[in-house]
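Here the structure comes first, spelled out in structure tokens, and everything after it is commentary.
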Amino acid sequence: MHLPILPVLLPALTAVLLLLLGDEEARRPWARRIALASLLLGAVLAWRLLGLADSGTLTVYRLGEWPAPFGIVLVVDRLAALMLALTAAVALPVLLYASGGWDAHGRHFHALLQFQLMGLNGAFLTGDLFNLFVFFEVLLIASYVLMTHGLGRERLRVGTQYVVLNLTASALFLIGMALIYATTGTLNLADLALRVPQVPAPEAGLLQAGAMLLLVVFGFKAALVPLALWLPATYAAASAPVAALFAIMTKVGVYALWRVHGVVFGAEAGASAFAVQPLLLPLALLTSVAGVLGALAAHTLPRLIAWLTVASVGTIVAAIGLFGTAAWSAALYYLLNSTLVIAGLFLLAELVAAQRGRMADRLEPCSPVRQPALLGLLLLLAAASNAGLPPLPGFVGKLMLLQAASDHPWAVTVWAVVLGVGLLTLIGLARAGSILFWAVRPELPSAASGASPRLLAATIALLGMSVLLSVWAAPVQRYTEAAARQLADRSAYARAVLPELGGPAAESVRPYRLPQPQPLPLGPHVTRQP
Amino acid sequence: MEFLLASGIGIVTATGLYLLLRGRSFPVVLGLSLLGYAVNVFIFAMGRLWLGAAPIVDAGPDVADPLPQALVLTAIVIGFATTGFVIELALRSFHDGGSDHVDGHEPGHAPGHAPAAAAPEAPTPHEPQAGRTSA
Numbered sequence: 001m002h003l004p005i006l007p008v009l010l011p012a013l014t015a016v017l018l019l020l021l022g023d024e025e026a027r028r029p030w031a032r033r034i035a036l037a038s039l040l041l042g043a044v045l046a047w048r049l050l051g052l053a054d055s056g057t058l059t060v061y062r063l064g065e066w067p068a069p070f071g072i073v074l075v076v077d078r079l080a081a082l083m084l085a086l087t088a089a090v091a092l093p094v095l096l097y098a099s100g101g102w103d104a105h106g107r108h109f110h111a112l113l114q115f116q117l118m119g120l121n122g123a124f125l126t127g128d129l130f131n132l133f134v135f136f137e138v139l140l141i142a143s144y145v146l147m148t149h150g151l152g153r154e155r156l157r158v159g160t161q162y163v164v165l166n167l168t169a170s171a172l173f174l175i176g177m178a179l180i181y182a183t184t185g186t187l188n189l190a191d192l193a194l195r196v197p198q199v200p201a202p203e204a205g206l207l208q209a210g211a212m213l214l215l216v217v218f219g220f221k222a223a224l225v226p227l228a229l230w231l232p233a234t235y236a237a238a239s240a241p242v243a244a245l246f247a248i249m250t251k252v253g254v255y256a257l258w259r260v261h262g263v264v265f266g267a268e269a270g271a272s273a274f275a276v277q278p279l280l281l282p283l284a285l286l287t288s289v290a291g292v293l294g295a296l297a298a299h300t301l302p303r304l305i306a307w308l309t310v311a312s313v314g315t316i317v318a319a320i321g322l323f324g325t326a327a328w329s330a331a332l333y334y335l336l337n338s339t340l341v342i343a344g345l346f347l348l349a350e351l352v353a354a355q356r357g358r359m360a361d362r363l364e365p366c367s368p369v370r371q372p373a374l375l376g377l378l379l380l381l382a383a384a385s386n387a388g389l390p391p392l393p394g395f396v397g398k399l400m401l402l403q404a405a406s407d408h409p410w411a412v413t414v415w416a417v418v419l420g421v422g423l424l425t426l427i428g429l430a431r432a433g434s435i436l437f438w439a440v441r442p443e444l445p446s447a448a449s450g451a452s453p454r455l456l457a458a459t460i461a462l463l464g465m466s467v468l469l470s471v472w473a474a475p476v477q478r479y480t481e482a483a484a485r486q487l488a489d490r491s492a493y494a495r496a497v498l499p500e501l502g503g504p505a506a507e508s509v510r511p512y513r514l515p516q517p518q519p520l521p522l523g524p525h526v527t528r529q530p
Numbered sequence: 531m532e533f534l535l536a537s538g539i540g541i542v543t544a545t546g547l548y549l550l551l552r553g554r555s556f557p558v559v560l561g562l563s564l565l566g567y568a569v570n571v572f573i574f575a576m577g578r579l580w581l582g583a584a585p586i587v588d589a590g591p592d593v594a595d596p597l598p599q600a601l602v603l604t605a606i607v608i609g610f611a612t613t614g615f616v617i618e619l620a621l622r623s624f625h626d627g628g629s630d631h632v633d634g635h636e637p638g639h640a641p642g643h644a645p646a647a648a649a650p651e652a653p654t655p656h657e658p659q660a661g662r663t664s665a
């Protein structure tokens with residue numbers, strides 16, 4: 001059963017094939033076909049894994065059949081499978097949109113998109129902190145080139161800053177990871193979850209310093225507040241399909257935060273339990289507020305959407321910071337919706353900008369767009385969902401979050417921030433929409449043609465998928481609840497990943513240390529595997 | 531040995547951070563590489579310091595921790611690749627923007643008004659008709 005590794009191998013092989021195919025104009029149709037076929041196959045794979053995970057089994061893939069704490073493992077649980085499916089759901093419309101012409105504006109777009117998918121899928125699947133770093137680098141290196149795709153002075157300027165900041169974050173990632181390794185002697189997430197509670201008090205400070213450094217890194221990738229300022233400039237400067245694809249990249253940071261700080265350093269972590277909790281919730285709420293204020297101040301449409309990305313990340317991380325099954329379920333549901341809507345908004349922004357002549361995406365009165373009813377309705381739909389108006393999925397997600405927060409000491413603050421941010425989001429998007437579609441100057445010449453069906457289809461597909469989340473709210477919610485429960489069940493995860501749990505083989509990745517450490521005292525929930 | 535190693539890592543990190551906070555892209559890249567070296571040695575040292583220990587498991591009692599050595603190897607490879615990329619990108623940004631300042635323009639000039647040697651205005655992200663001609 002080699003299913004879990006295929007989502008990593010398939011994009012890698014496709015990317016190599018696309019590089020071999022070359023980048024000439026004449027071969028571009030073939031590149032598009034190959035990329036599309038690979039993505040469709042990837043979507044089928046993600047769907048299969050989703051079905052597999054939905055049955056409640058944890059699929060563990062041991063590379064080279066090495067036993068877990070020594071070898072590398074890929075783990076498919078409900079959360080990972082859902083993130084894979086979400087990646088495929090965003091990547092397919094993005095590819096369709098980019099095939100409408102953006103892929104001809106730079107070199108090797110399709111190959112880089114595949115490398116990016118390889119990094120994303122790998123980061124979601126890996127059960128090992130160091131491999132998380134490696135897949136982060138794979139997806140980042142692809143994103144550096146995609147970010148500057150199409151070139152132009154602004155993109156190069158912002159791109160250089162983006163690369164330098166990310167390299168610094170990578171250095172911090174390595175330092176944090178090394179500190180965690182030094183105190184626990186393992187980097188396997190399942191093994192870490194068992195070992196973190198046993199770290200003696202004098203070393204726990206060092207371990208928590210490592211955890212905090214990782215919070216800085218994941219907070220940077222997810223754009224949490226003091227580290228969010230790079231995002232609006234970067235996403236607004238990137239080409240539309242790339243920005244739409246990047247909507248899922250911030251979620252990698254959220255995902256890593258969840259796995260490491262929610263689970264490993266969450267409840268049951270002994271001296272290090274809830275190491276980041278005093279920081280996580282206030283930072284997340286601040287992120288939400290800062291994001292929506294930035295959106296109100298934005299002077300171009302892509303910038304506004306980029307700031308809304310920051311605001312939505314704040315809402316998701318706030319739900320994670322509430323630490324509870326119901327809150328985590330809300331976080332996952334809201335994450336699905338906000339990723340799809342924001343990716344759709346980035347594509348929509350360019351469709352609107354292309355029909356506005358000189359002003360393009362600036363939020364100033366200009367000539368009327370060619371298809372005001374269609375684009376206006378799409379923007380209205382996206383705005384309503386993003387702000388959380390019923391019956392759209394943004395509303396369902398926020399409602400779940402509000403319910404989950406109701407008996408938390410911070411309930412009033414969380415309620416106030418979530419509802420206030422929703423209102424301000426609606427105001428920001430309504431302002432943008434009324435300038436774009438109503439405050440027009442009809443005397444100026446209008447665009448020559450409307451958007452092509454292919455570009456429209458890609459945009460509508462993303463927004464449509466988010467509406468489907470509302471139609472199928474009950475099954476999706478059942479799945480996210482099960483995923484949250486599974487995530488909190490550390491002992492089941494450890495049992496699946498470490499089959500020789502408690503036996504001499506799984507003692508540590510430092511078994512050669514003398515004197516031998518005492519046998520692993522099993523927690524109350526951990527049972528010996530026969 | 532502990533003092534030497536710790537102060538060595540500390541000095542290289544401090545130098546790297548100082549350079550990283552400079553305003554021109556060349557010192558910034560140099561700072562990044564120095565920081566990368568310090569991080570690599572740091573990972574290596576997190577396997578603890580050993581004297582006369584075998585690097586791989588053999589009959590002897592002492593074995594140095596091999597895992598950080600494997601980790602640092604990967605980190606070095608990734609560090610080289612990304613540093614190479616950022617140098618290339620900084621050069622391109624300098625060539626296109628006419629300034630090697632990290633803000634993309636010389637201090638005192640407004641953004642977008644590079645010195646006379648600047649390259650012609652490159653396509654903006656949302657240039658009309660961009661991306662939909664061949665749809």
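Protein chains in written order, with the numbering used here: chain V, 1 to 530; chain W, 531 to 665. Backbone N, C-alpha and C fix where the C-beta goes; we use that ideal spot for every residue, glycine too. Note that this is a predicted model, so its numbers are computed, not measured.
Pair within 8 Å by beta-carbon distance, residue i and residue j
i: residue 531 of chain V; j: residue 206 of chain V; result: The requested residue 531 of chain V does not occur in the structure, where chain V is confined to residues 1 to 530.
i: residue 163 of chain V; j: residue 624 of chain W; result: no
i: residue 96 of chain V; j: residue 142 of chain V; result: no
i: residue 494 of chain V; j: residue 26 of chain V; result: no
i: residue 174 of chain V; j: residue 222 of chain V; result: no
i: residue 601 of chain W; j: residue 130 of chain V; result: yes
i: residue 266 of chain V; j: residue 218 of chain V; result: no
i: residue 11 of chain V; j: residue 84 of chain V; result: no
i: residue 564 of chain W; j: residue 546 of chain W; result: yes
i: residue 213 of chain V; j: residue 270 of chain V; result: no
i: residue 354 of chain V; j: residue 451 of chain V; result: yes
i: residue 329 of chain V; j: residue 312 of chain V; result: no
i: residue 573 of chain W; j: residue 178 of chain V; result: yes
i: residue 304 of chain V; j: residue 224 of chain V; result: no
i: residue 125 of chain V; j: residue 75 of chain V; result: yes
Spatial distance of residue i from residue j (CA atoms)
i: residue 517 of chain V; j: residue 585 of chain W; result: Summary for residue 517 of chain V: the model assigns pLDDT 42, below 50, so the residue's position carries little reliability; its value from the coordinates is reported in the next sentence. C-alpha separation (whole angstroms): 21 Å.
i: residue 318 of chain V; j: residue 336 of chain V; result: 15 Å
i: residue 201 of chain V; j: residue 185 of chain V; result: 16 Å
i: residue 102 of chain V; j: residue 461 of chain V; result: 18 Å
i: residue 340 of chain V; j: residue 245 of chain V; result: 10 Å
i: residue 571 of chain W; j: residue 603 of chain W; result: 11 Å
i: residue 376 of chain V; j: residue 433 of chain V; result: 7 Å
i: residue 38 of chain V; j: residue 306 of chain V; result: 29 Å
i: residue 383 of chain V; j: residue 607 of chain W; result: 44 Å
i: residue 137 of chain V; j: residue 119 of chain V; result: 8 Å
i: residue 1 of chain V; j: residue 278 of chain V; result: 42 Å
i: residue 70 of chain V; j: residue 599 of chain W; result: 14 Å
i: residue 618 of chain W; j: residue 629 of chain W; result: 15 Å
i: residue 549 of chain W; j: residue 557 of chain W; result: 5 Å
i: residue 195 of chain V; j: residue 188 of chain V; result: 10 Å
i: residue 344 of chain V; j: residue 315 of chain V; result: 19 Å
i: residue 169 of chain V; j: residue 181 of chain V; result: 18 Å
i: residue 579 of chain W; j: residue 594 of chain W; result: 8 Å
i: residue 612 of chain W; j: residue 539 of chain W; result: 21 Å
i: residue 297 of chain V; j: residue 489 of chain V; result: 43 Å
i: residue 160 of chain V; j: residue 152 of chain V; result: 12 Å
i: residue 280 of chain V; j: residue 385 of chain V; result: 25 Å
- Query: If we count Cβ pairs, one from each stretch, closer than 8 Å, do we get three or more for the segment 450 to 467 of chain V versus the segment 313 to 331 of chain V?
  - Reply: Output reads no: the segment 313 to 331 of chain V does not touch the segment 450 to 467 of chain V.
- Residues within the segment 535 to 563 of chain W neighbouring chain V, beta-carbon criterion of under 7 Å: Closer than 7 Å at the C-beta level to chain V, one finds these residues of the segment 535 to 563 of chain W: 550, 555, 558 and 562.
- Task: Could you list the residues in the segment 139 to 151 of chain V with a C-beta less than 9 Å from some C-beta on chain W, going in chain order?
- Result: For the segment 139 to 151 of chain V, which is checked against every Cβ of chain W, the residues closer than 9 Å are 140, 141, 144, 145, 148, 150 and 151.
- Give a yes or no on contact between the segment 11 to 20 of chain V and the segment 65 to 73 of chain V, applying the rule of three or more CB pairs nearer than 8 Å. The answer is no - the segment 65 to 73 of chain V does not touch the segment 11 to 20 of chain V, with fewer than three Cβ pairs under 8 Å.
- Item | Minimum length 4: unbroken alpha helix (DSSP H) runs contained in the segment 264 to 328 of chain V | 277 to 297 and 301 to 321, all fully within the segment 264 to 328 of chain V.
- Task: Give the residues from the segment 562 to 579 of chain W that approach chain V closer than 7 Å (Cβ to any Cβ), ordered along the chain.
- Result: So the list reads 562, 565, 566, 569, 572, 573 and 576, given in the order they occur along the chain.
- Spell out a yes or no on whether the segment 463 to 475 of chain V and the segment 38 to 50 of chain V are touching, meaning 3 or more CB-CB pairs, one atom from each, closer than 8 Å. No, the segment 463 to 475 of chain V is not in contact with the segment 38 to 50 of chain V.
- Completely contained beta strand (DSSP E) runs for the segment 201 to 270 of chain V, where each covers 3 or more residues: Qualifying beta strand (DSSP E) stretches: none in this window.
- Item | At least three beta-carbon pairs within less than 8 Å, the segment 406 to 417 of chain V to the segment 473 to 493 of chain V | With the cut-off at 8 Å, the segment 406 to 417 of chain V and the segment 473 to 493 of chain V do not touch.
- Item | Touching by the beta-carbon criterion (3+ pairs, under 8 Å), the segment 421 to 433 of chain V and the segment 292 to 303 of chain V | Flag = yes, the segment 421 to 433 of chain V and the segment 292 to 303 of chain V touch.
- Message: Tell me which residues of the segment 595 to 606 of chain W have at least one Cβ-Cβ distance to chain V shorter than 8 Å, keeping chain order.
- Response: Answer set for the segment 595 to 606 of chain W: 595, 597, 598, 601, 604 and 605.
- Item | Under 9 Å (Cβ pairs) to chain W, residues found in the segment 150 to 169 of chain V | Flagged, chain order: 150, 151, 152, 153, 154, 155, 156, 157, 158, 159, 160, 161, 163, 164, 166, 167 and 168.
- Query: When Cβ atoms are compared, which residues of the segment 612 to 625 of chain W fall closer than 7 Å to chain V?
  - Reply: Those would be 612, 615, 616, 619, 620, 622 and 623, in chain order.
- Closer than 8 Å, Cβ to Cβ, to anything on chain W: give me those residues from the segment 117 to 131 of chain V, in chain order. Of all residues in the segment 117 to 131 of chain V, the ones placed with a Cβ closer than 8 Å to any Cβ belonging to chain W are 130, in chain order.
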